[in-house]
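In this note's numbering, the protein residues as written are 67 to 427.
Here's the structure, in structure tokens; my notes come after.
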């Protein structure tokens, strides 16, 4: 009723020391009713959408969010029904609404996802990726992790899948605690390890809606620091498909229940350097190395032995110019965006490092 409706009170009424947002009111105009679709709306309140936004602005609220229950027009409306109200608010208060004096820096290149964590015991923040995936026949999911040198190794990672429009929570039975710092390691789990946590429900691998990476500490310990994530991917037979390589601003995963978890902040970051690499020479290490060659501006990398492999292209100063997951079957990389000169091709295959010099003409 009016005693709890924000549309009957200014923001100051609530005596809060933080900005207040009004959330979840219909995208349509609405009227008060005790029956029917509108019975769940604030009673003794009848309001047009344009008036709702104006009221929120004029009475000190930091924002207001209208919403629709489905994509179809219904009692709650759609984006199209609320758009005129949003436009009216913008037209009336453009100078106050527009973001000013902000410099946005867009990163591109060999990047990764940075996660700043502040974890008390029994705290389980998550990074999530929404999409639509058919994991039928997929063997495993893999993700690369980096914990900086000197950081505690008591952090536990767990992958979770959510399936169907019921969003059934399906955690993997295999968690991962990295034991090394200062270098990239891979967390890999078989798809068969994911099971429904809801009694009577099963995971539908043909209809996966969300991939979640969960973090928590072992025992009663705490964790505070930043970790890095790269190359989320899945393997089906000999084919490795990258889900996220985080190589552009805006490609980070979301905080679960976005914006509500003070224990996790997510951003895109330059990739931290691993510990110094010992370069191996074939004469000292009896392994089969991949064949690396150039065909015009195409870098051709031959067949390998390991499914978990990565290739990087460096300039002569050691700066990483490109990075990619490398399938067992080999691949071809377009280098037409690189100028003429000398470059290094580094391949990490199951911990074996191969470095080859190339000259682009």
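No residue lacks a Cβ here, since even glycine has one placed at the ideal position from N, Cα and C.
Every value quoted in this text rests on a predicted model; they were computed, and no experiment measured them.
According to DSSP, is residue i helix, strand or coil?
i           : result
residue 250 : strand
residue 392 : coil
residue 120 : helix
residue 269 : coil
residue 364 : strand
residue 127 : coil
residue 215 : coil
residue 96  : strand
residue 14  : The first residue shown for the chain is 67 and the last is 427, placing residue 14 beyond what the model contains.
residue 163 : helix
residue 356 : coil
Can you tell me the Cβ-Cβ gap for residue i and residue j, rounded? I've got them flagged as a contact below 8 Å.
i           : j           : result
residue 122 : residue 85  : Actually they do not touch by this definition, with Cβ atoms about 12 Å apart.
residue 201 : residue 237 : Contact flag wrong, Cβ pair sits at about 15 Å.
residue 395 : residue 246 : With a Cβ gap of about 29 Å, residue 395 and residue 246 do not count as contacting.
residue 287 : residue 187 : 7 Å
residue 299 : residue 179 : Rounded, the Cβ-Cβ distance is 14 Å, inconsistent with contact.
Tell me the rounded alpha-carbon separation between residue i and residue j.
i           : j           : result
residue 181 : residue 331 : 6 Å
residue 271 : residue 154 : 45 Å
residue 321 : residue 360 : 42 Å
residue 337 : residue 132 : 39 Å
residue 96  : residue 306 : 51 Å
residue 197 : residue 262 : 19 Å
residue 82  : residue 76  : 11 Å
residue 74  : residue 113 : 11 Å
residue 190 : residue 222 : 10 Å
residue 291 : residue 241 : 20 Å
residue 160 : residue 229 : 42 Å
residue 382 : residue 411 : 11 Å
residue 71  : residue 232 : 31 Å
residue 308 : residue 80  : 48 Å
residue 334 : residue 213 : 16 Å
residue 265 : residue 239 : 16 Å
Applying the 10 Å Cβ sphere with the 16-neighbour rule, what's the burial state of residue i?
i           : result
residue 365 : buried
residue 370 : buried
residue 427 : exposed
residue 143 : buried
residue 319 : buried
Counting only C-beta atoms, is residue i closer than 8 Å to chain D at any point?
i           : result
residue 127 : No chain D is part of this structure, which consists of one protein chain only.
Residue i and residue j: beta carbons closer than 8 Å?
i           : j           : result
residue 409 : residue 276 : no
residue 210 : residue 296 : yes
residue 206 : residue 256 : yes
residue 226 : residue 280 : yes
residue 357 : residue 402 : no
residue 424 : residue 397 : no
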